[in-house]
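A short worksheet on the structure shown next.
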């Protein structure tokens, strides 16, 4: 690995697990811009963004030290999701949703209470979906994970599972997805 900027997500995770200072510094630089933009756009400061980003990396670090941890999305997506959740919680704690008056000047702040509730509901749905996916059983669990998380092609899935062609793999994926949807709908009730 000659150029650390080209490090893959798994290399960055391994660097974090193994306390590789160079890769950890790269991790801090690589995704900070999107967090900064999100926080500043949502009534935060650069310092707020640094704090949120630091806490997001700590969450990632603590989670990746767990033996059962699997990154099921892009690292940027994972970090952004954690940072967004942390920032929305912070906004709620700071009560930045109300109108503030400072030196007789009124500042209208964006009301993100609906976003917070939506985000929390989405988090609950994701937890239910992950639980139902684990309960789904084989080969459906692995097939759906390979397609949606690992992003294998239908041809690769057909070969892996021994289906005669990608159309058969698509049919099986559809059936598995239908089972997961039914299970998810029952889990939300």
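In our numbering, the protein residues as written are 1275 to 1463. All C-beta atoms in this analysis are idealised placements derived from N, C-alpha and C, irrespective of residue type, glycine included. As the structure is a computational prediction, the values presented were derived from the model and not from experiment.
With respect to residue 1308, residue 1343 sits apart: the two C-beta atoms are not nearer than 7 Å. Within 10 angstroms of the beta-carbon of residue 1357 lie 16 or more other beta-carbons, which makes it buried. Setting aside the 5 residues that flank it on each side, residue 1410 is surrounded in the same chain by 1418, 1450, 1453, 1454 and 1457, each with a C-beta closer than 8 Å to its C-beta; the list follows chain order. Under the three-pair Cβ rule at 8 Å, the segment 1307–1325 does not count as touching the segment 1393–1406. Here the C-alpha atom of residue 1291 lies approximately 30 Å from the C-alpha atom of residue 1431. For residue 1436, there is no enclosing alpha helix (DSSP H), as DSSP marks it with neither H nor E. A Cβ-Cβ contact shorter than 7 Å links residue 1350 with residue 1305.
Residue environment analysis places residue 1339 among the exposed positions, since fewer than 16 neighbouring C-beta atoms fall within 10 angstroms of its C-beta. Taking the Cα of residue 1398 as reference, the smallest distance to any Cα among 1328, 1359, 1335 and 1435 is reached at 1359. Shown here, residue 1423 sits in coil according to DSSP, grouped into three states, outside any helix or strand.
Residue 1457 sits in a helix when the DSSP states are folded into three classes. Residue 1298 and residue 1352 have their C-alpha atoms spaced approximately 16 Å apart. Around the C-beta of residue 1408, fewer than 16 other C-beta atoms lie within 10 Å, and the residue is accordingly described as exposed. For residue 1306, the enclosing alpha helix (DSSP H) has its first and last residue at 1306–1315. Annotation for residue 1322: 1313 place their beta carbon closer than 7 Å to its own, counting only its chain and skipping 5 residues before and after.
Per DSSP, residue 1332 is one residue of the alpha helix (DSSP H) stretching across 1320–1338. The three-state secondary structure of residue 1404, taken from DSSP, is helix.
Taking all protein chains shown into account, residue 1436 has fewer than 16 neighbouring C-beta atoms within 10 Å of its C-beta and is therefore exposed. Shortest Cα-Cα distance from residue 1446 to any of 1326, 1460 and 1416 involves 1416.
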